[in-house]
Amino acid sequence: MDLNSVSLFTKNLTKHFDHFTAVDDVSFVVHRGEIFGLLGPNGAGKTTTIRMLLGLLAPTSGVGAVLGYDIVKQAEEIRSRVGYVSQKFSLYSDLTVAENFNFYGGVYGIARQLLAARRDEILRTVGLDGQDNVRVSNLAGGSRQRLALACALAHQPEFLFLDEPTAGVDPISRRALWDLVYDLAERGTSILVTTHYMDEAENCHRLAFVYQGKIVAEGTPHAVKEEQMRAQVVEIDCDNIDAALPALRDAKLFDEIALYGSLIHAIGENAAANIAPARDLLRAHGVAVKSAEAILPSLEDVFIARLRRADNSR
Numbered sequence: 664m665d666l667n668s669v670s671l672f673t674k675n676l677t678k679h680f681d682h683f684t685a686v687d688d689v690s691f692v693v694h695r696g697e698i699f700g701l702l703g704p705n706g707a708g709k710t711t712t713i714r715m716l717l718g719l720l721a722p723t724s725g726v727g728a729v730l731g732y733d734i735v736k737q738a739e740e741i742r743s744r745v746g747y748v749s750q751k752f753s754l755y756s757d758l759t760v761a762e763n764f765n766f767y768g769g770v771y772g773i774a775r776q777l778l779a780a781r782r783d784e785i786l787r788t789v790g791l792d793g794q795d796n797v798r799v800s801n802l803a804g805g806s807r808q809r810l811a812l813a814c815a816l817a818h819q820p821e822f823l824f825l826d827e828p829t830a831g832v833d834p835i836s837r838r839a840l841w842d843l844v845y846d847l848a849e850r851g852t853s854i855l856v857t858t859h860y861m862d863e864a865e866n867c868h869r870l871a872f873v874y875q876g877k878i879v880a881e882g883t884p885h886a887v888k889e890e891q892m893r894a895q896v897v898e899i900d901c902d903n904i905d906a907a908l909p910a911l912r913d914a915k916l917f918d919e920i921a922l923y924g925s926l927i928h929a930i931g932e933n934a935a936a937n938i939a940p941a942r943d944l945l946r947a948h949g950v951a952v953k954s955a956e957a958i959l960p961s962l963e964d965v966f967i968a969r970l971r972r973a974d975n976s977r
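Under my numbering, the sequence shown is numbered contiguously, ending at residue 977.
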């Protein structure tokens, strides 16, 4: 491993809480200028991993380093050089946009004579220019998250931790935030982002699926789809989904039936061969099928299938 190209690494990182293992033997690397995604359901261990990497939580075992600093022995050095946007909004709602930025700028030790210029530059970058005097309680959810990102960038960090930064944010604001993340990565900032939105995972250069504290798959989005998806996916567009879902599950024509927006994804090793029987089955249950065809798997399909295999192997 070329340490000059690595911004973060962990090896066998583990965290036990009494009789519960939150993070279980996790190893991965984030390269400089890379967007690395940790994906998984709530409770998978993503936030616990970040807290250990920030030196806020001591690991039970294993090692890790961020920007060359040991996560146990040099936690203060790490925190002074990274930015962190937490899962829950953590700024002060009764203060203005400028007051929040100034506070965090002071915490990060930015010289007073530099603060105003830095604030103007970063607020403009995140799309909040002209809103210095707006009270945070009056900002929309997407604008609040942009402000949280602005405060995390106040000291121009080399590494950025984003813990589910778009949770509860509208789709337009989610896209705007990801545009900012891409721009930061292109400028050389390394980024670790956690999310449970599978569509956002496509924005990552590399990613890891985390389930019950373990990494169960890792690679580029394309590679993960190719390597991990051993089954076919059939997409079914029909009416009366409430009747269609239990009918398909009871018939066991497919290994997995999942709702994908307003569509049904049926997953199985020979799913395409069961399109005709599935159509007949749904018609017999009074469900009109508009279309049913084999498609390329999405990351969400891969994730569901991979977690099913993890459950079956226990």
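Think of the CB as a built atom: it goes at the ideal place given N, C-alpha and C, for glycine as much as any other residue. Values in this document were obtained by computation on a predicted structure and should not be read as measured data.
Between which two residues does the beta strand (DSSP E) carrying Val879 extend? Indexing the sequence shown from 1 puts residue 879 at position 216. In the DSSP assignment, Val879 falls within the beta strand (DSSP E) that extends over Lys877 to Gly882.
Looking at the strands, I want to know which residues DSSP matches up with His679. What you label residue 679 is simply residue 16 of the sequence shown in a count that begins at 1. DSSP, once it has assigned bridges, lists Thr684 as partnering His679.
Considering Arg809, what are the terminal residues of the alpha helix (DSSP H) in which it resides? Along the sequence shown, read from residue 1 onward, the residue named residue 809 stands at position 146. Counting along the chain, the alpha helix (DSSP H) containing Arg809 begins and ends at Gly804 to Ala815.
Opposing strand residues paired with Tyr747 [DSSP bridges]: If you number the sequence shown from 1, residue 747 lands on position 84. Bridge partners of Tyr747: Phe824.
Of the choices Arg742, Glu863, Ala947 and Lys888, whose alpha-carbon is the least far from that of His818? Translated into positions along the sequence shown, residue 818 becomes position 155. Nearest C-alpha to His818: Arg742.
Against chain D, with Cβ distances strictly below 8 Å, would Ser743 count as a contact? In the structure shown, chain D cannot be found, because there is only a single protein chain.
Proximity winner among Arg744, Ser961 and Tyr755, relative to Glu863 (alpha-carbon distances): For this step, residue 863 is matched to residue 200 along the sequence shown. Taking only the C-alpha atoms, the option nearest Glu863 is Ser961.
Which term fits Gly883, buried or exposed, when burial requires 16 or more other beta carbons within 10 angstroms of its beta carbon? As a working note, residue 883 is residue 220 in the sequence shown. This sequence places Thr at residue 883; Gly is not what is there. The residue in question, Thr883, is exposed, as its Cβ has fewer than 16 Cβ neighbours within 10 Å.
Using 10 angstroms around the beta-carbon of Ile835, count the other beta-carbons present and answer buried if the total reaches 16, otherwise exposed. Position 172 of the sequence shown, counting from 1, holds the residue named residue 835. The residue in question, Ile835, is exposed, as its Cβ has fewer than 16 Cβ neighbours within 10 Å.
Separation of Val950 from Ile698, as counted between CA atoms: Translated into the one-based positions of the sequence shown, residue 698 becomes position 35. Translated into the one-based positions of the sequence shown, residue 950 becomes position 287. Distance between the alpha carbons of Ile698 and Val950: 43 Å.
When the distance is taken between beta carbons, is Phe766 closer than 8 Å to Gly983? As displayed, the chain neither begins before 664 nor continues past 977, which places residue 983 out of reach and without an answer.
Glu697 - DSSP class collapsed to helix/strand/coil: Your numbering for residue 697 matches position 34 in the sequence shown. In this structure, DSSP gives Glu697 a state outside helix and strand, which the three-state scheme calls coil.
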